[in-house]
Amino acid sequence: DEIEGVTLHMCEMPGVLAMDESVFNVMHNLKFLKFFQHLGDANSNVQLRSYDFYLPHNLRLLHWDAYPLKRLPSRFRQNHLVELN
Numbered sequence: 013d014e015i016e017g018v019t020l021h022m023c024e025m026p027g028v029l030a031m032d033e034s035v036f037n038v039m040h041n042l043k044f045l046k047f048f049q050h051l052g053d054a055n056s057n058v059q060l061r062s063y064d065f066y067l068p069h070n071l072r073l074l075h076w077d078a079y080p081l082k083r084l085p086s087r088f089r090q091n092h093l094v095e096l097n
């Protein structure tokens, strides 16, 4: 519950990270989430197992290069979101 931010440099990952829909369930205080990679990389090393995964409602910054889905989760409330990239 104390985690306020997650930053992941996907280019430095040795393989694919598969996440299920509950990966952020316990991070209620999460304010920023940044998954980034080098400019020329088109593929994501992060895979989501569900289209309707949970994103915390307090999230203010969401930066996700090569986001693997076509839309944000339907349960996500964007009330506090300041930046979407």
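Note that the working numbering has the sequence shown beginning at 13, numbered continuously upward.
Where a beta carbon is used, it is the ideal one built from N, C-alpha and C, also for glycine.
Put simply, the backbone Cα of R89 is about 31 Å away from that of G27. Taking a contact to require three or more Cβ pairs closer than 8 Å, the stretch 41-56 and the stretch 64-83 qualify as touching.
A direct Cα-to-Cα measurement between D32 and P85 gives close to 13 Å. Ranked by Cα distance from N41, the options Q49, L96 and H92 are led by H92. Nearest neighbour of Q59 by Cα position, chosen from E95, N97, M22 and L71, turns out to be M22.
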